[in-house]
Amino acid sequence: MRLEHIAISHFQGIKSLSLPLEAASTLIAENTWGHRSFINALYKVMGPDGVDAVFENGDFYQGGDQLQLVLTFVEGHGGHWRRLRYRPLRTLMWGQADGHMRLRLGWFAQKGQGSQLRFLGQDGQPLDDQQQTPRLARHLLTLHPVLRLGFPDADHLSQLPWLRELLEAPEQFEEQELQEGLDSVKALLSRYFTSPVRQRPRDRNAIARQPINWAAIRTLEQVLNQSANRQTRLAMLGLFGVLMHTQDAKPFARLARPLLLLDMPEARLHPVMLATFWSLVVQLPLPRLLLTQSSELLGAQDLLSIRRLVRRQGELHCYRLHHALREDDYRRIGFHLRVNRPASLFARCWLLVEGETEIWLMSELAHLAGVHLAAEGIRVIDFAQCGLKPLLHLTRDLGIGVHVLCDGDEAGDRYAAQVRGLLGDRAEASLTQLPAKDVEHFFYQEGYQELFTRLARWHQAHGSPSQVIRAAISRQSKPELALRIAEEAGKRGKEGVPVLLRRLFSQLRQSALASAPKD
1 MRLEHIAISH FQGIKSLSLP LEAASTLIAE NTWGHRSFIN ALYKVMGPDG
51 VDAVFENGDF YQGGDQLQLV LTFVEGHGGH WRRLRYRPLR TLMWGQADGH
101 MRLRLGWFAQ KGQGSQLRFL GQDGQPLDDQ QQTPRLARHL LTLHPVLRLG
151 FPDADHLSQL PWLRELLEAP EQFEEQELQE GLDSVKALLS RYFTSPVRQR
201 PRDRNAIARQ PINWAAIRTL EQVLNQSANR QTRLAMLGLF GVLMHTQDAK
251 PFARLARPLL LLDMPEARLH PVMLATFWSL VVQLPLPRLL LTQSSELLGA
301 QDLLSIRRLV RRQGELHCYR LHHALREDDY RRIGFHLRVN RPASLFARCW
351 LLVEGETEIW LMSELAHLAG VHLAAEGIRV IDFAQCGLKP LLHLTRDLGI
401 GVHVLCDGDE AGDRYAAQVR GLLGDRAEAS LTQLPAKDVE HFFYQEGYQE
451 LFTRLARWHQ AHGSPSQVIR AAISRQSKPE LALRIAEEAG KRGKEGVPVL
501 LRRLFSQLRQ SALASAPKD
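Take the sequence shown: its letters are residues 1 to 519, numbered as in the UniProt record's numbering.
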């Protein structure tokens, strides 16, 4: 079985959280989401003393007097519940339409009156036989504890000099020490990880949903048998050294399948070493929960596994991809966003524009208008190659604010119709359509006629705006023309930003603030 859902209510800094999990899940959020409270909650109930967990006054949210933590487990494959190890728990399980058996365990505490540990049914009501609850809960948590992988702090490192040397000065680590360490890892693997995950060929859908492939070239066994380079073997020893560094870690039962909690593994690793490290992690036959702020590491995760958490008045809202996309849309998003713009999923709001010209213009013009896009959590993304619909679906499901800027031509009309069709009542606040056929004609009409005439070297007495603009573009590329417009706007200051765009930037800021964490 594996952990399928976590429900937290009024624990430390978290007012409420309902978090559905996959066998491998990834959490992304801003710094103030309640990271420490979440880690503490998991370790409180799934750590070595989970059955006997004691809740102190400081564990109750903002002076409240009640809290609860509820874990739901599900079998990984149909029929696993029949295995001998789960026999004591069978009477506590219940099935659902998907054919998988589940069981639910909850901790309910009241300030000054202790806590209760109860198994719950599908309806959330306590099951009978409360006297057996501690024994059965201990059996369950012995099979499925939490194993936190986080880099040790200075105090722990001072007690583990070999690990400190490995993490801080790997080039000085002696070959004999490395081999002795790997021999210990081999013994550990033979006890706990007898069936490492075998790499299977990925189909096109898996490639599209998880575009960055950090799968290992060499297996754990090959690394241990010295058929890998020194960097990979150092990463292997570092991985298991960090896994086992906690002083209060107790040996796991042989049949245990702990939840591997990876807490910001990128914190102390160079990107090259991070990729090597991750290629080893994914071979461990364990469910895992990754907390990360690394755009590169996020690109190596399945899009369907990503959970975006946003804090509002203490409540944590969990966003994930709910609506299945077309196969081709996964490919478009994989290439356009996750490979080329991997940090986009961390943004609060997207400004979707048609092409490169608008990308060059928007950042500079926003700055002139007093809006720092990056600091506000706003990302400018061109959508013409990817398509507008998959991006709008993604923003809707992941809770990312969005605003679309499009031209006033026929193509722009089609884009505007798509926005209205997908966003409904929110469309008008999320859409700006230029009152001109394209951005060049818009700026020509907004007082930049002299700039276009000069760049076009137009000496004729007459000429339509389109003729002048075509001549200007013919003497440089459209992106170069965009840079010239931005340069001219910089000379004019805030007044050089058309009123329509100033209004757009104000709406963007409001959308980003709506997606920002709030206490």
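Yeah, the Cβ is synthetic: ideal placement off N, Cα and C, and Gly gets one too.
Neighbourhood of residue i by C-beta, 7 Å cutoff - its chain only, sequence neighbours within 5 removed
i	result
H441	P465, I469
D248	With a pLDDT of 48 at D248, under the threshold of 50, the modelled position of that residue is not reliable, and no figure is offered here.
G99	G78
A137	V51, L105, L117
P134	V51, L117
F11	S37, A41, D59, Y61, L67, L69
R326	none
A366	L373, F505
D438	D407, D409
Status (buried if at least 16 other CB within 10 Å, exposed otherwise) for residue i
i	result
K518	exposed
L255	exposed
W94	exposed
L84	exposed
A374	exposed
H459	exposed
S477	exposed
E450	exposed
Q96	exposed
Nearest-angstrom beta carbon gap, residue j and residue i [assumed within contact, 8 Å]
i	j	result
G299	V339	7 Å
G76	L141	Not confirmed; about 17 Å, so no contact.
L351	L483	Their Cβ separation, rounded to whole angstroms, is 18 Å, which puts L351 and L483 out of contact at 8 Å.
V404	S430	6 Å
residue 523	R209	This structure gives no information on residue 523, because the portion of the chain shown stretches from 1 to 519.
S515	G399	7 Å
T292	T32	About 16 Å separates the two Cβ atoms, so there is no contact after all.
residue 570	G447	Residue 570 falls outside the range modelled here, since the chain spans only 1 to 519, and no answer is possible.
Length of the line joining the Cα atoms of residue i and residue j
i	j	result
P342	S295	5 Å
P126	A109	15 Å
L321	Q467	46 Å
I473	R457	11 Å
I28	Q179	36 Å
T395	H317	15 Å
M1	V353	45 Å
H5	L71	6 Å
Y43	H80	26 Å
E428	R420	8 Å
residue 586	F443	Because the chain spans 1 through 519 in this model, residue 586 falls outside it and cannot be assessed.
R312	E480	42 Å
V499	H372	17 Å
F452	A384	25 Å
D397	G355	24 Å
residue 553	I485	Outside the displayed range of the chain (1 to 519) lies residue 553, so it cannot be described from this structure.
G121	R202	38 Å
G124	Y330	36 Å
Q445	K491	18 Å
I306	V380	21 Å
S344	L337	7 Å
R87	H139	10 Å
R414	R332	19 Å
Cutoff 8 Å: residue i Cβ touching any chain D Cβ
i	result
G493	Chain labels in this structure do not include chain D; a single protein chain is all it has.
Contacting residues, own chain, Cβ-Cβ under 6 Å from residue i (five flanking each side not counted)
i	result
P20	H5
S16	S9, E315
V54	none
Which runs of the alpha helix (DSSP H) at least 4 residues long sit entirely within the stretch 266-354? Give them in chain order. 271-281, 295-299, 327-333
Of all the beta strand (DSSP E) runs that stay within the bounds of the stretch 57-108, which reach a length of 3 or more residues? 66-74
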